[in-house]
């Protein structure tokens, strides 16, 4: 069963690799693990302190009001969510959860909510890390979590046009299985793939690890249906159009504020003939940066570029286990010019065999010109095999006494290194305020011709009290968000805005942009049925 | 000097190639050329019948009110525009033209217009073929044409990020010259390249011939500044973002209804190391269609795919001149299996040499598997050399007694052939209503994994009277537009909406979509300063 207070299935238990604890202790200090809150106790507390208001005259046959469903419907996977759940210090939860089984039930629930002044928060796989799912603390209205995950059917596959239409609540593995049976793939693999939903990817403008070939949500989202409180927006899956504003952009990034996405048509591909992930090392950060920028600007047809900085590279090697093999690898790399300060680059190659071979030849030539050394597919295969298992490590780290958070942005080339330093510095400074050390490291998860994403991870010790834990997380979130804004980056390249990033949205949208967004929200949802506090 | 009543510079005189007239006569009948109206007479008529209202208390130092400037500011390049100008049957023209020389002058003019209830129609290179520039006949307000073409500076070039910022009025050749001097290209080459402006490309979602590599306006438009009647929208050139709705989409396709685009940051590329255009033939339409679809769905890194149907192929060969060489070529092609019904495919390859070589190898293998025959670069070189000269042929055709119009759409694969037939049939039926024949032919100008554009050309005889000429054009426009809508295509893949396509926009946007667009227009422009009738 899915964990209620951590990542993934509770039959899967990740373990820290040998040496990991020693390495992390050396970086941030010896941790003090603590005991997690108990689910039954938490549910009892919810029933006692916040009884559902969707009962009696406010009941609806599709709305469940059990405490566990309400708890699960109100939290995502942010560190703030974890802290609340693990410590059993629950904030406001929704009053009920509905699991509609089709577009007409969604329509009925939206109409019912409007008539009863109930706030609706649409929910997919509940993998948000930016606070999308929790009711606003300052909002007295009853809140319904509209969980779409029972809407999971492949309703149409146009093989000529490679267009597949799904109900929006389908989760990643289910979606891929339904496509694979017909010989297709969407190719969208964010780290949250195993639990994230298609509709969630669209409304948060999600980016997958191989978006370089398959596209971000913006590129593969071809059309669909958005039920707004007052109407229905039907978007035909045109290959391209110059007919005025592209209304798909009212769905992408809308985060449940304009309507509920019920049906999604996506651009799919035939299952690839060939796929490889190469692990390469470059002598230093600057060389790595120059190599990935050149590859992006040449438009070498790769499916993935992922460049770790020196600290992330070191951390990856330390946490890989197999210390003996790693030592041998590092001796070889040092001999080839990649010693201390070296950086690890993963390249993905996906597609027809001849294209993959040509792209690999081109990519290796470019990387080698920057002093890079290929280690072949061994590390890449390992990375690919563990790409969704890695998230489970967060559970093991928590149990061992560590907290982990990640923050990300994107910025044009020229500002990359300053942004990396600003994020890591801000993370360390935030924890230093508590007398704690923070192990910060960074990779570029997505590379474009004009710039890249910047994705930083922060590991630090758990706190003795929930107040202290929460304060550390919030100081980190605030400090790093401010650093992102100060450096001119976007407040999110791939996680979205939710409530946690909403205060920083104005920095990139401007007053005129926010006012326009408000006008559209007011137009689509004048009653505020969807006024969750996400985005705005 | 630029022609006032046709395409391009009046020192450039195109001539019909030998045999062209005979071929076209055989298709649509012997034409009867007529005499064009005289510019001086037309201007005198404007001064007499529609004196400018932007004089006296309504004068502004930046606004010119001469009749010729007003005439030139009120017409684009649609066939309807040509008919009006060539016959001297002028409709309503604007009351004045301003040529602002910077953002602050645009701001001042917008404020002045709002204060004086003057309608503003932004204008770039005046190459619209969908009626963007003419004042609405039913609108009594004075109209100002806001011509941005004196705003043409490259104001910033970030070489690391390959981001160039221009003032929005820069025309294609000027933009490319300024970039080429620094080693860069935007690579945006629509057929109207020589006179179209950067800002116009953005607000009409323009597509260039090599958009497969360089991207449509949606892909290369990174950010900029839109002056709305009440404010200013500043869009930072982020490489990607998941931070809510992408506000660039309020500029793309806005056609001057939300504001005036003054500054544009674009994603540029290094000048390509290698570029080739290959001419290939396939035995028939179905084979051609299958080949381009496969190339798009494999994501073979080409810069252009352009597939003519059999009638366009025949027409291209007939109008190429060089009958002897063409006959020899056709004998060779017939021997290789491409006889009657053969179709011509141009492939563009652009980029680093090694990438071009690999892509060419892959593309040729795919095309040959569908029975295709490559004729190397000879035809492609000819096409590339004449890519912007071809438009001048419209002048020669008019002089010879023919009218030409083009209509275009995009549709998912599966519907392509039905769409081609529907467009050509609708064109022929429209002219048959006048007892006239119509020579109709089609190519796919842009190919995507999920579908393609469909671009049809219609050649028919000029009429003796302006009323009859206008009626023929309008019957064609109406009939073909209805066919597009009936087949489920977009009302425009690359020309935009303007006033001519506005009645058909609802078919793809839906009532909820149009209402949302109206809400945004109302938000940005409550007074209707920009209520030109374009889009809505």
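Residue numbers (my numbering), protein chains in the order written: chain A, 1 to 536; chain B, 1 to 536. No residue lacks a Cβ here, since even glycine has one placed at the ideal position from N, Cα and C. Source: prediction; values computed, not measured.
Beta-carbon proximity of residue i to residue j, cut-off 8 Å
i                      : j                      : result
residue 537 of chain B : residue 501 of chain B : The requested residue 537 of chain B is not part of the displayed model; chain B covers only 1 to 536.
residue 450 of chain B : residue 243 of chain A : no
residue 86 of chain A  : residue 50 of chain A  : no
residue 345 of chain A : residue 288 of chain A : yes
residue 245 of chain B : residue 206 of chain A : no
residue 271 of chain A : residue 184 of chain A : yes
residue 96 of chain A  : residue 65 of chain A  : yes
residue 169 of chain B : residue 152 of chain B : yes
residue 372 of chain A : residue 431 of chain A : no
residue 525 of chain A : residue 228 of chain A : yes
residue 162 of chain B : residue 267 of chain B : yes
residue 456 of chain A : residue 444 of chain A : no
residue 343 of chain B : residue 398 of chain B : no
Interface residues of chain B facing residue i [CB-CB closer than 7 Å]
i                      : result
residue 523 of chain A : 516 and 519
CB contact check: residue i to chain A, cutoff 8 Å
i                      : result
residue 194 of chain B : no
residue 285 of chain B : no
residue 59 of chain B  : no
residue 272 of chain B : no
residue 395 of chain B : no
residue 127 of chain B : no
residue 191 of chain B : no
residue 255 of chain B : yes
residue 527 of chain B : no
residue 345 of chain B : no
residue 562 of chain B : With chain B covering 1 to 536 only, the question about residue 562 of chain B has no answer from this structure.
Beta carbon proximity, residue i to chain B, threshold 8 Å
i                      : result
residue 78 of chain A  : no
residue 490 of chain A : yes
residue 228 of chain A : yes
residue 487 of chain A : no
residue 300 of chain A : yes
residue 445 of chain A : no
residue 493 of chain A : yes
residue 231 of chain A : yes
residue 496 of chain A : yes
Proximal residues of chain B, C-beta to C-beta of residue i below 9 Å
i                      : result
residue 250 of chain A : 245, 249, 513 and 516
residue 114 of chain A : Near residue 114 of chain A there are no residues of chain B at all, since even the closest Cβ is about 16 Å away, more than 9 Å.
residue 27 of chain A  : Correct list: empty, because the minimum Cβ distance to chain B is about 30 Å.
Beta-carbon neighbours of residue i, restricted to chain B and to distances below 8 Å
i                      : result
residue 267 of chain A : 449 and 450
residue 535 of chain A : 244
Same chain only: Cβ atoms within 6 Å of residue i, ignoring 5 sequence neighbours per side
i                      : result
residue 413 of chain A : 293 and 451
residue 384 of chain A : 277
residue 119 of chain A : 141 and 143
residue 226 of chain A : 233, 251, 259 and 261
Beta-carbon neighbours of residue i, restricted to chain A and to distances below 8 Å
i                      : result
residue 508 of chain B : 236, 238, 241 and 243
residue 349 of chain B : Residues of chain A passing the Cβ test: none, with the nearest at roughly 12 Å.
Contacting residues, own chain, Cβ-Cβ under 7 Å from residue i (five flanking each side not counted)
i                      : result
residue 67 of chain A  : 43, 46 and 47
residue 463 of chain B : 469 and 472
residue 395 of chain A : 6, 7 and 14
residue 370 of chain B : 282, 287, 290 and 291
residue 12 of chain B  : 392
Interface residues of chain A facing residue i [CB-CB closer than 7 Å]
i                      : result
residue 352 of chain B : 298
Interface residues of chain A facing residue i [CB-CB closer than 9 Å]
i                      : result
residue 222 of chain B : 412 and 450
residue 355 of chain B : 298, 299, 300, 301, 358, 359 and 362
Close beta carbons around residue i, own chain, < 8 Å, minus the five adjacent residues each side
i                      : result
residue 436 of chain B : 28, 29, 460, 461 and 472
At a CB distance below 8 Å, what residues from the segment 408–436 of chain A approach chain B? Give them in sequence order. 410, 411, 412, 413 and 414
At a CB distance below 8 Å, what residues from the segment 454–480 of chain A approach chain B? Give them in sequence order.
none
When you check each C-beta in the segment 144–166 of chain A against every C-beta of chain B, which residues fall closer than 8 Å?
-> 158, 160, 161, 162 and 163
- [ ] Check distances from the C-beta atoms of the segment 358–381 of chain B to those of chain A and list, in chain order, the residues that come in under 7 Å.
- [x] 358 and 362
>> Tell me which residues of the segment 197–217 of chain A have at least one Cβ-Cβ distance to chain B shorter than 8 Å, keeping chain order.
In response: 204, 205, 206, 207, 213 and 216
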